[in-house]
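Residue numbers (the working numbering), protein chains in the order written: chain A, -4 to 145; chain B, -4 to 145; chain C, 34 to 118; chain D, 34 to 118.
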Amino acid sequence: MKILVDDKDFDAGAEITALRAGNPQVGAVASFVGLVRDSNAGSNVDSMTLEHYPAMTQRALGAIVAKAGQRWALLDVTVIHRVGELHPGDQIVLVAVASSHRADAFAACEFIMDYLKTQAPFWKKEQTPEGPRWVEQRATDEQAAARWTE
Amino acid sequence: MKILVDDKDFDAGAEITALRAGNPQVGAVASFVGLVRDSNAGSNVDSMTLEHYPAMTQRALGAIVAKAGQRWALLDVTVIHRVGELHPGDQIVLVAVASSHRADAFAACEFIMDYLKTQAPFWKKEQTPEGPRWVEQRATDEQAAARWTE
Amino acid sequence: MKLKVLYFARLRERLGVAEETVELPDGMGMVAMLLDVLRARGGVWAEELAAGKNFRAAVNQDMAGMEAPIEDGDEVAIFPPVTGG
Amino acid sequence: MKLKVLYFARLRERLGVAEETVELPDGMGMVAMLLDVLRARGGVWAEELAAGKNFRAAVNQDMAGMEAPIEDGDEVAIFPPVTGG
């Protein structure tokens, strides 16, 4: 398991390759990359600053990954989340999950993203032509996380 | 859209990067890599040969991707499937889906894999210590595809 | 009418043929009827293509059910359930 | 008892403080009671931490509800709903 919070960019391909390297039981790697879009909620986005709660972030991500590991048969998981200033096209987050079978890999990857969106202490502030603004949590993010407990 | 059937290996990271390059509307890339495992259904697997129906393969994959594109808001899709002889740890398939939002990217990526597993004309023959054997379709694969029509 | 008939994977091996031309009486127009003709060859054909067996068909490179229409010049493929991915 | 209280993101900006030590009478033991003390400061505190407002809390780096217990020396963080990923 690898959990990293960093202001530097990551190489998604290298992370995916490393995740499965040397374990011939891995039959499936599902992954997700989240990126900064150049517009959001009707405004252009020039840049974005990601703030976090350093003492809590690693711990929160670890708890989410552990929860996924209890629920599905996983062989390895990598979560990388960037902080600091980012620009449109920049990578924000990588979640990659290795399993023997694809259903487990897909479900766990989406579960980790949904919980990360509602449980991990990151906050986005966008710079737009109309000035800076804090991104509001979307109701759909709460709903996406809630469906895993149904 | 890129659909490729090839006996050569692919660089999943480069494909994922290419998929989002130059489109700042992409906020989410969900991807899946399927790999040859060193055991299956209780036997060791020494190698695997993937046969396909060349005249139909590209067409079948194109139809699956088109169906996903009607159902979700997708910005780009890459599907690469290998044929020929493969060994444990080798990559078999890549499905990568770019969208503005993660729910669409995840759903379409899993949908394409589920349909590929039941609709695209590929067949696996494994070499095991007990001799060669054709892989049988699993009931769970039919079920996985069927749930999208519920 | 003449059909190009292809076999893949386990069926190709069992039947011992990858591709052949099959001539059907004019007026026969469904995949199911081609299968009747093939089964009538007896032996491994009757066995592998028996009604309870698990196989699939495609007509002109599209997945097709047993009731799918076939015409002169069509390419019909018969194969086991697919196992890619 | 003494608590280390942290504020993040929009709340940190509005309240104008990132971190402070808050002293509560001994015996007060829930996140909700800390919030009452903070609201009692009036002004932006009463406004931003009003009951209808959408904020979250963590106690010792774990997400916590308003009824979560707090003890002397705990680190309590108050912040808007998270928006990472």
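Where a beta carbon is used, it is the ideal one built from N, C-alpha and C, also for glycine.
- Query: How many angstroms separate the CA atom of A/P147 from the CA atom of A/V130?
  - Reply: Past the edges of chain A, shown from -4 to 145, lies residue 147 of chain A, and the structure says nothing about it.
- Query: What's the gap between the Cα of C/V50 and the Cα of C/R89?
  - Reply: 17 Å
- Message: Short of 6 Å in beta carbon distance, which residues of its chain neighbour C/L68, apart from the five on each side in sequence? Order them along the chain.
- Response: L82
- Cβ neighbour criterion (16 or more within 10 Å) applied to C/P58: C/P58 should be labelled exposed.
- Item | Every unbroken beta strand (DSSP E) inside the stretch 34 to 116 of chain D [3 residues or more] | 35 to 40, 52 to 56, 89 to 92, 95 to 97, 108 to 112
- Message: So A/A9 contacts chain B; which residues on that side make the cut at Cβ distance below 8 Å?
- Response: Correct list: G8.
- Task: Out of D/R72, D/A42, D/A101, state which residue places its alpha-carbon closest to the alpha-carbon of D/V55.
- Result: D/R72
- Comparing the C-beta of B/Q113 with each C-beta of chain C, is any distance below 8 Å? Note that residue 113 of chain B corresponds to Thr in the displayed sequence, not to Gln. Closer than 8 Å: yes.
- Task: Output yes if chain A places a C-beta closer than 8 Å to the C-beta of D/G49; else output no.
- Result: By this cut-off, D/G49 is not an interface position.
- Message: Does C/T116 pass the burial test, meaning 16 or more other C-beta atoms within 10 Å, or should it be called exposed?
- Response: Taking every protein chain shown into account, the CB of C/T116 has 16 or more other CB atoms within 10 angstroms, so this residue is buried.
- With DSSP as the reference, label B/F5 as helix, strand or coil. coil
- CB-CB length for A/A140 against A/D109, believed under 8 Å: 5 Å
- Query: Does A/G17 get closer than 8 Å to chain D when you measure Cβ to Cβ?
  - Reply: no
- Item | 7 Å CB neighbourhood of B/I5 in its chain, flanking five on each side removed | Before going further, note that residue 5 of chain B is Phe rather than Ile in the sequence given. Correct list, in chain order: I75, Q86, L89.
- Message: So, does the stretch 57 to 76 of chain B touch the stretch 110 to 117 of chain B, judging by three or more C-beta pairs under 8 Å?
- Response: Flag = yes, the stretch 57 to 76 of chain B and the stretch 110 to 117 of chain B touch.
- Task: Could you tell me which of D/F112, D/L36, D/R45 sits nearest to D/G60, measuring between CA atoms?
- Result: D/L36
- Where B/G37 meets chain A, residues with beta-carbon distance less than 9 Å: Chain A residues near B/G37: none, gap ~13 Å exceeds 9 Å.
- Query: For A/G79, which residues does DSSP report across the bridge?
  - Reply: A/L45
- Is B/E64 close to chain C, meaning its C-beta is less than 8 Å from at least one C-beta of that chain? First, the amino acid is wrong: residue 64 of chain B is Gly here, not Glu. No, no contact with chain C.
- Message: Can you pull the chain C neighbours of B/F117, defined as C-beta to C-beta under 8 Å?
- Response: Residues of chain C passing the Cβ test: V115, T116, G117, G118.
- Task: Indicate the three-state DSSP secondary structure (helix, strand or coil) for A/R32 in the structure shown.
- Result: Note: A/R32 maps to coil in three-state DSSP.
- Query: Can you find a CB in chain D that lies within less than 8 Å of the CB of A/R142?
  - Reply: no
- Message: Measuring only the C-alpha atoms, how far is A/L56 from A/Y48?
- Response: When only Cα atoms are considered, A/L56 and A/Y48 end up about 12 Å apart.
- Query: Mind pulling the alpha helix (DSSP H) runs of 4 or more residues that sit fully within the stretch 62 to 138 of chain A?
  - Reply: 97 to 114
- Task: Give me the Cα-Cα distance between B/A63 and B/V40, rounded to the nearest whole angstrom.
- Result: 33 Å
- Query: Under three-state DSSP, which class holds A/V60?
  - Reply: helix
- Mapping DSSP to helix, strand and coil, what is A/A140? The answer is helix: DSSP assigns A/A140 an H, G or I state.
- Query: Skipping 5 residues on each side, what residues in its chain have a beta carbon closer than 8 Å to that of C/M99?
  - Reply: M63, V64, A65, L68, A90
- Under 7 Å from any heavy atom of the ligand COA, does the C-beta of B/G126 make it? Here there are no bound small molecules, and the ligand COA is not part of this structure.
- Any idea which residues DSSP pairs B/V0 with across the strands? B/H76
- Please confirm whether B/F106 and A/E105 have their CB atoms less than 8 Å apart. no
- Message: If you reduce the DSSP assignment to three classes, tell me which class A/A16 lands in.
- Response: Coil, per DSSP.
- chain A contact for D/A91 (CB, 8 Å cutoff): yes
- Taking only beta-carbon positions, decide if B/L30 is within less than 8 Å of chain A. Taking Cβ atoms only, chain A reaches closer than 8 Å to B/L30, which makes this a yes.
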